[in-house]
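Counting in our numbering, the sequence shown runs from 3 upward without gaps.
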Amino acid sequence: MMEFLTQFHFLRPALLLLAPALLALLFLMRHRRNGQNSWQTLLPPEFLAALSETPPQTVKRSSFWLWPLILVLSVVALAGPTWSKQETPVTLKQEALVVTLDLSLSMLATDLTPNRLTRARQKVYDLLDARKEGQTALVAFSGSGHVVAPLTEDGNTLRAMLPALDPFIMPEMGSNAAAGIESALNVIKQAGAANARILLITDGVEEMDVQPINDQLSKAGVSISVLGVGADDGGPIPIPNRGFIKQGDQVIVAKPDFALMREIAGRPGDRFSKMTLDNADLRRLLPSANSTHFKDANGDSTLQGEQWHDAGYLLLLIVMPLLLWQYRQAGVALCLLVLLAKPQVSHAVEWENLWSTPNQRGWEFYKDKKYEDAANAYSSPMGKGAAYFRTGDYAKAEAEFGKLDSANAHYNRGNSLAYQQRYEEAIKAYEEALKRNPEMSDAKENKRRLEEFLEQQKQQQQQQQQQQQNSQDQNKDQQQPDQKNADQQQSQQQNSSDSQKNQSNSQPQNGQPSDQDNAGQPGQQGGDPGQHPQDQNADKQNSSSAQDAQEQQNAEQAQSGDKEDQADPKDAASKAASAEQQEADKKEDGKEAQTAGQAGEPEDASDKKPSEDAAAALSDNISLKDQQTEQWLRRIPDDPGGLLRRKFLQQYQQGSRPSSSKQDSGRPLW
């Protein structure tokens, strides 16, 4: 009862002013009706009844007093009495979240199975699965804080980074939560996120970091949610292949200090929770004022918002019988008309549909992920648009949102246009939303991103056009020396042909060749007897030019391999082995090419143009180079942890880490 009294209010309280005005009008009309015949004050009722043409109408006093009650109840119903909230669908809620993960050695403690870090990673996976919308960033910290991934809407990027996160990739040991918070605030500041929250996942905070963290958050105006990892009794910290961390002869037991974590989350809007097996902790830590989107125990996903439920229609259940009583004769006539009316075809209606509105049925379908049924059931354009948006029919969603002229409608219409890749129209829709609500941060953010995307796309097109122009100019420059070489090759072939003709004139008439070296040519081993000597020379020259190009390519790859070996001595052995394997592959490819050239049917070199020879040689060279490059790339090991280790180490050595990451003398290494 107390909750009802505290929550009860009117959605449209200004309409209550109609009640006294309507009551005054009612009494005025009553007084005017009584004064219509002025003879009533002078003549007795008997004479007045005999003189009047119509018999006097008697009005029951009890019937008249029903009208003030009807008017008051109607006005109260119009004012919108409410005391509870109703869930409504919400579309595209944009909210930035920076996940700050503790990578100190204590996260390897085994008080949680298998360890704290694995459970924390799994919790981040659950968070990414639940966050279908909004930007998410990932920050890691130990003795120093580092950005793993900036704010992005692509959760797959963060999922790919999570397995590589462990304490041994960090450049400095320790647990400096202030450094992690400072890095998270820098991510929010660089992205210009207006609505952001930090999720700190840690097993402990040093007392010296509590006040700096509170000062940073208060200055930036950013809320924080702290997820405490670990059991109250704590656990030992195992190091792979080295046993447990000890202090002297005693094994260190890392116990989480939840009291200090609560001090960090002590401001209004901040939240704290211990890690749970289900997602109750995430629902507690990351509630939004308008929407929540987390999976429940059954795996069902809900996206909902809360809105005050207008209960004024309940008063109409009292008003309608009173009106029917006042107009009893009209009510009887109305019933007769209903009975005499021609019956219409009536479709089967489920029992529960009799007591729910179309919007309520649409919301039920929406919660059950039956978006097509929800779109058919909804009567409001906003509900239909939200349902069509979920089905992926963005054109129909745009049409439904376009029927309304509110800030939210234009904002949702802009989202629908953006998903249709109609970016310029989407920007205009966001501008319309901002005209009606200049404080809508989501519309500002989406508009800014689309403008940046269009600008980047324009720059990329310009760069591609410039690259195509440069490549065309380079091809023209390369074709000129190739044409000269082809002309020289043709002249050499002609001279060779003339000399061989002179030799054939001096040979005996029996047709046996005088040069024994020609015995192994294809034309004399059952091949084409009509092959000319210049064809064989052309084949030799083409084979020689292909070998020269291959040797030059091998030399270039050897030089590039030397440079890479100098840059990274650790990978020298693996690269040398890959170079030997490439050389063997090239020799094998050369043998296959030579065999194919000998087995193939010879062509007439006089019919083949020099430019075609140059183009074919260039095409073969590029194709072979692409294949070798692809083989070399396949041998590169995929090590995201190594990339992050080098990135963090470079930031640490360059001194670009935050000022809060400096190691304090009293800070433990775990």
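All C-beta atoms, glycine included, are put in the ideal place defined by N, C-alpha and C.
Check: Does the beta-carbon of SER108 have 16 or more other beta-carbons within 10 angstroms, so that it is buried, or is it exposed?; Outcome: buried
Check: In angstroms, rounded to a whole number, what distance separates the CA positions of ALA431 and ALA397?; Outcome: 14 Å
Check: So, with DSSP's three-state summary, where would you put PHE650?; Outcome: helix
Check: Just tell me which of ALA166, PRO258, ASP407, ILE241 has its CA closest to the CA of ARG438.; Outcome: ASP407
Check: Of the residues ALA186, GLN362, LYS257, which one's Cα is nearest the Cα of SER225?; Outcome: ALA186
Check: In chain order, what are the residue ranges of uninterrupted alpha helix (DSSP H) at least 4 long that sit wholly in the stretch 398 to 485?; Outcome: 409 to 421, 425 to 438
Check: Apart from the five residues on each side of it in sequence, which residues of its chain come closer than 6 Å, Cβ to Cβ, to SER177?; Outcome: SER106
Check: Taking buried to mean at least 16 other C-beta atoms within 10 Å of its own C-beta, is TYR373 buried or exposed?; Outcome: buried
Check: Along the beta strand (DSSP E) that carries ARG269, what are the first and last residues, could you check?; Outcome: Segment: none, ARG269 is in no beta strand (DSSP E) and carries neither H nor E.
Check: Are the stretch 157 to 174 and the stretch 188 to 205 touching by the rule of at least three beta carbon pairs closer than 8 Å?; Outcome: no
Check: Note the first and the last residue of the continuous alpha helix (DSSP H) segment covering SER185.; Outcome: 179 to 193
Check: Mapping DSSP to helix, strand and coil, what is GLY237?; Outcome: strand
Check: Going straight from the alpha carbon of ALA1 to that of MET163, what length do you get?; Outcome: Since the first and last residues shown for the chain are 3 and 672, residue 1 lies out of range.
Check: Sorted by chain position, which residues of the same chain lie with C-beta nearer than 6 Å to LEU17's C-beta, five sequence neighbours on each side aside?; Outcome: LEU80, ALA81
Check: Under DSSP, the beta strand (DSSP E) around ALA142 begins and ends at which residues?; Outcome: 138 to 143
Check: Could you tell me the distance, in whole angstroms, from the CA atom of LYS460 to the CA atom of GLN468?; Outcome: 12 Å
Check: Going by CA-CA distance only, name the one from PRO238, VAL189, PHE260, GLN124 that's closest to VAL212.; Outcome: PHE260
Check: ARG669 and PRO173 - do their beta-carbons sit closer together than 9 Å?; Outcome: no
Check: Report the partner residues of SER275 according to the DSSP bridge assignment.; Outcome: LEU229
Check: Count the other C-beta atoms from every protein chain shown that fall within 10 angstroms of the C-beta of ALA139, then say buried if there are 16 or more, exposed otherwise.; Outcome: buried
Check: Going by DSSP, name the residue or residues bridged to PHE246.; Outcome: PRO240
Check: Looking at TRP672: is its Cβ nearer than 9 Å to the Cβ of ALA256?; Outcome: yes
Check: Have a look at ASP234, ASN378, ALA98, TYR127 and flag the residue whose alpha-carbon is nearest the alpha-carbon of ARG199.; Outcome: ALA98
Check: Compute the beta-carbon to beta-carbon distance between PRO1 and GLY206, rounded to the nearest angstrom, for a pair I have assumed lies under 8 Å.; Outcome: Residue 1 cannot be examined here, being either before or after the span of the chain that is shown, 3 to 672.
Check: Under a three-way DSSP split, which group does PHE10 fall into?; Outcome: coil
Check: Between which two residues does the beta strand (DSSP E) carrying LEU258 extend?; Outcome: The amino acid occupying residue 258 in the given sequence is Pro; Leu does not appear at that position. No beta strand (DSSP E) contains PRO258, which DSSP labels as neither H nor E.
Check: Please report how far the alpha carbon of LEU326 lies from the alpha carbon of SER381, in whole angstroms.; Outcome: 29 Å
Check: What does DSSP give as the partner residue(s) for ARG199 in the beta ladder?; Outcome: LEU99, SER225
Check: Are LEU103 and ALA132 close, meaning C-beta to C-beta below 9 Å?; Outcome: no
Check: Output needed for THR159: all residues of its chain with C-beta closer than 7 Å, excluding positions within five of it in sequence on either side, in chain order.; Outcome: ALA151
Check: Write down the C-beta distance between GLU2 and LEU262 rounded to the nearest angstrom, noting that I regard them as a contact closer than 8 Å.; Outcome: The requested residue 2 does not occur in the structure, where the chain is confined to residues 3 to 672.
Check: By the three-class DSSP mapping on this structure, what secondary structure does PRO152 have?; Outcome: strand
Check: Following the continuous alpha helix (DSSP H) through LYS386, name the residue where it begins and the one where it ends.; Outcome: 383 to 393
Check: Which first and last residues belong to the alpha helix (DSSP H) in which TYR373 is found?; Outcome: 373 to 379
Check: How is TRP69 classed by DSSP in three states: helix, strand or coil?; Outcome: helix
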